[in-house]
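Chemist:
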Amino acid sequence: MALSGLTALLIYGKGIRNAAAVWLLFAAIGVQLLSWTLGYFHHPEWVADNPQIDRLAKLFIFIGVAWWLGGSTRNTLMVWLLALLGYLVTTFVQGDGIKEWITGFGGQRVGFGIRNNQHASMLFGVALLGLIVFFRRFASPGRARVWRIGLWTCLTIICLSGVLVGQTRAVWLSLGLALPCVGIVWLIKQARHSSTNRQHYKPLIISAGVFLVLLGGIGTAFHETLKQRLTKESGVIAQLASGNIETLPYSSIGIRIHSWRAAMEWIEERPLVGWGGEGRSLVIEHTDWLPNTVKQNYGHLHNFFLEIWVAYGALGFVVIAALAVWVGRATWLAWRGGALPGDMALFGAGFFVYWLVINQFESYNSFSTGVFVHNLIVGGLITHYWKWQYSTKHSAVQRSSQ
1171 MALSGLTALL
1181 IYGKGIRNAA
1191 AVWLLFAAIG
1201 VQLLSWTLGY
1211 FHHPEWVADN
1221 PQIDRLAKLF
1231 IFIGVAWWLG
1241 GSTRNTLMVW
1251 LLALLGYLVT
1261 TFVQGDGIKE
1271 WITGFGGQRV
1281 GFGIRNNQHA
1291 SMLFGVALLG
1301 LIVFFRRFAS
1311 PGRARVWRIG
1321 LWTCLTIICL
1331 SGVLVGQTRA
1341 VWLSLGLALP
1351 CVGIVWLIKQ
1361 ARHSSTNRQH
1371 YKPLIISAGV
1381 FLVLLGGIGT
1391 AFHETLKQRL
1401 TKESGVIAQL
1411 ASGNIETLPY
1421 SSIGIRIHSW
1431 RAAMEWIEER
1441 PLVGWGGEGR
1451 SLVIEHTDWL
1461 PNTVKQNYGH
1471 LHNFFLEIWV
1481 AYGALGFVVI
1491 AALAVWVGRA
1501 TWLAWRGGAL
1511 PGDMALFGAG
1521 FFVYWLVINQ
1531 FESYNSFSTG
1541 VFVHNLIVGG
1551 LITHYWKWQY
1561 STKHSAVQRS
1571 SQ
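Residue numbers (the working numbering): 1171 to 1572.
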């Protein structure tokens, strides 16, 4: 899909083949080649035999996804729903299946055989965010409304439970920031456009009420688990707040802080072009003061943005930042132009906050699970942007011919 979509866009995508995404892809490839080349001459024993351009290029698979979705909201929502259903089925057939769910409800942390517990929890968090934002579509008047609401309730219960049994604090934090942002944006929009019509607030009130009931019920069932997880490293957090960083124990939080310290030392040595694609593992393996237990059990830095900076320097970081800015601007323009529905734009905004926060604590965009989510969602947003671009240019040509 990635290769055929990119090829089709370059051949048939008149008006969008010069899209910023394509140029950013070329820039990402160029930065990786430059970093590898300079590393080959500076530290040849630490670079791969060949440049690994897929490290950043795989974040541009959304170009092919967006092309094949064809600007269709229906296609996008169908693909997103199929991805959700496929993932939920996976949690019942992979790992220990139903036994793992039972284990999770018993208070143990589970991950359903999906890389590790954090990745499964991340996927549940994305799904839960989407279900909350798209509640109005499930509850809209029409055929099988009761069944659609029932389906939404079941899916939401499963995803909320998955977020809790995964016991990943970064996911809880990310949702705790993303959901209020979504609610605030929605309320501002409604206040500006329908201040006198209270009916527009009904979907939000209903979805918020149902979600709070579900959250309260499931939260009560997991009270002890939540309490233990949230207070487990309170002493480490207190020590961190006091500034005693060097003496932090190598706990979950401590390992992250120490690996970030090590990463900053390596960034200071090669801040512009980095150490090449193996940068993150070099930090772990060749930082003398990191203990052997960390070197043996970890090969990444638990922070995607630091990994980019270590590997490809400020140039790589700028490319990724430019991609984020472009996607945000494209989503905004597609919504303002009427090509992207409001709830999808709202989901895009919520996902941006969620994804930005969660990648500070785990390098999801460096692993297949994060790459999958990133390209699926960004592709669904960008396909509407290209639809808006095409229709805008087509209308301009028609006006000029008249």
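Built from N, CA and C at the ideal position, the CB exists for glycine as well.
Need the endpoints of the alpha helix (DSSP H) that residue 1525 sits in, please.
Modeler: 1512 to 1528
Chemist: Would you please state the rounded distance, in angstroms, between the beta carbons of residue 1443 and residue 1483? I believe it to be under 8 Å.
Modeler: 4 Å
Chemist: Tell me which same chain residues have a C-beta within less than 8 Å of the C-beta of residue 1222, skipping the five on either side of it?
Modeler: 1202, 1206 and 1447
Chemist: Any chance the segment 1544 to 1563 sits against the segment 1229 to 1246, with 3 or more Cβ pairs inside 8 Å?
Modeler: yes
Chemist: For residue 1299 and residue 1361, which I take to be in contact (beta-carbon distance under 8 Å), what is that distance rounded to the nearest angstrom?
Modeler: Incorrect: roughly 22 Å between the Cβ atoms, too far for contact.
Chemist: On a CA-only basis, which of 1225, 1199, 1277 and 1200 is nearest residue 1399? Give me that one, please.
Modeler: 1277
Chemist: Going along the chain, which residues of its own chain have a beta-carbon closer than 7 Å to the beta-carbon of residue 1522, five neighbours each way excluded?
Modeler: 1498
Chemist: For the alpha helix (DSSP H) holding residue 1338, just list the boundary residues, first then last.
Modeler: Neither: residue 1338 is in no alpha helix (DSSP H) and is coded neither H nor E.
Chemist: Does the beta-carbon of residue 1467 have 16 or more other beta-carbons within 10 angstroms, so that it is buried, or is it exposed?
Modeler: Using a 10 angstroms sphere on the CB of residue 1467, the tally of other CB atoms stays under 16, which defines it as exposed.
Chemist: Among the residues of its own chain, which have a CB less than 7 Å from the CB of residue 1366, if the five just before and after it don't count?
Modeler: Confidence at residue 1366 is low in this model, with a pLDDT of 48, below 50, so its placement is unreliable and the value that follows should be read with caution. Answer for residue 1366: no residue qualifies.
Chemist: Report whether the distance from the Cβ of residue 1482 to the nearest heavy atom of the ligand FMN is below 7 Å.
Modeler: Of ligands this structure carries none, so the ligand FMN is not represented either.
Chemist: Straight-line CA distance for residue 1164 to residue 1319?
Modeler: Any question about residue 1164 goes unanswered here, given that the chain covers just 1171 to 1572.
Chemist: Check whether chain B comes within 8 Å of residue 1401, counting only Cβ atoms and requiring the distance to be less than that.
Modeler: Among the chains of the structure shown, chain B does not appear; only one protein chain is present.
Chemist: Roughly how far, in whole angstroms, is the beta-carbon of residue 1481 from the beta-carbon of residue 1445, given that I think they are within contact range, below 8 Å?
Modeler: 6 Å
Chemist: Is it true that the CB of residue 1281 sits closer than 8 Å to the CB of residue 1336?
Modeler: yes
Chemist: Return helix, strand or coil for residue 1289, following the three-state DSSP convention.
Modeler: Helix.
Chemist: In or out: residue 1182 buried (at least 16 other Cβ within 10 Å) or exposed?
Modeler: exposed
Chemist: Just the Cα atoms here: how many angstroms apart are residue 1308 and residue 1322?
Modeler: 7 Å
Chemist: Here's the rule: buried if 16 or more other CB atoms are within 10 angstroms of the residue's CB, otherwise exposed. What is residue 1450?
Modeler: buried
Chemist: May I ask you to report which of helix, strand or coil DSSP gives residue 1366?
Modeler: Any reading at residue 1366 is ruled out, since the residue's pLDDT is 48, under 50, leaving its predicted position unreliable.
Chemist: Can you check whether the CB of residue 1283 is closer than 8 Å to the CB of residue 1574?
Modeler: For the chain, the structure presents residues 1171 to 1572; residue 1574 sits outside this window and is missing.
Chemist: Could you give the DSSP three-state label for residue 1441: helix, strand or coil?
Modeler: coil
Chemist: Quick one: using the 10 Å Cβ neighbour count with 16 as the cut-off for buried, is residue 1554 buried or exposed?
Modeler: buried
Chemist: In terms of alpha-carbon separation, which member of 1184, 1540 and 1511 lies closest to residue 1303?
Modeler: Just measuring C-alpha positions, the residue of 1184, 1540 and 1511 sitting nearest residue 1303 is 1511.
Chemist: If you compare alpha carbons, which of 1172, 1259 and 1351 is closest to residue 1325?
Modeler: 1259
Chemist: Is there contact between the segment 1177 to 1192 and the segment 1246 to 1254, where contact requires at least three CB pairs shorter than 8 Å?
Modeler: Contact fails: fewer than three Cβ-Cβ distances are below 8 Å.
Chemist: In its own chain, which residues sit with a C-beta less than 6 Å from the C-beta of residue 1490, not counting the 5 before and 5 after it?
Modeler: 1478
Chemist: Under the assumption that residue 1529 contacts residue 1474 (Cβ atoms under 8 Å), give the Cβ distance between them as a whole number of angstroms.
Modeler: 4 Å
Chemist: Could you give the DSSP three-state label for residue 1462: helix, strand or coil?
Modeler: helix
Chemist: State buried or exposed for residue 1501, treating a residue as buried only when at least 16 other CB atoms are found within 10 Å of its CB.
Modeler: With 16 or more Cβ atoms within 10 Å of its Cβ, residue 1501 is classed as buried.
Chemist: Give me the Cα-Cα distance between residue 1176 and residue 1191, rounded to the nearest whole angstrom.
Modeler: 11 Å
Chemist: Inspect the beta-carbon positions of residue 1351 and residue 1520 and report whether they are closer than 8 Å.
Modeler: yes
Chemist: Can you tell me where the alpha helix (DSSP H) with residue 1403 in it begins and where it stops?
Modeler: Per DSSP, residue 1403 belongs to no alpha helix (DSSP H) and is neither H nor E.
Chemist: Spatial neighbours of residue 1220 within its chain, please: C-beta separation below 7 Å, excluding the five flanking residues on both sides.
Modeler: No residues qualify anywhere along the chain.
Chemist: Give the single residue among 1550, 1524, 1485 and 1538 whose Cα lies nearest to the Cα of residue 1194.
Modeler: Considering only alpha carbons, the answer is 1485.
Chemist: Residue 1560: which of 1503, 1538, 1517 and 1531 sits nearest, CA to CA?
Modeler: 1503
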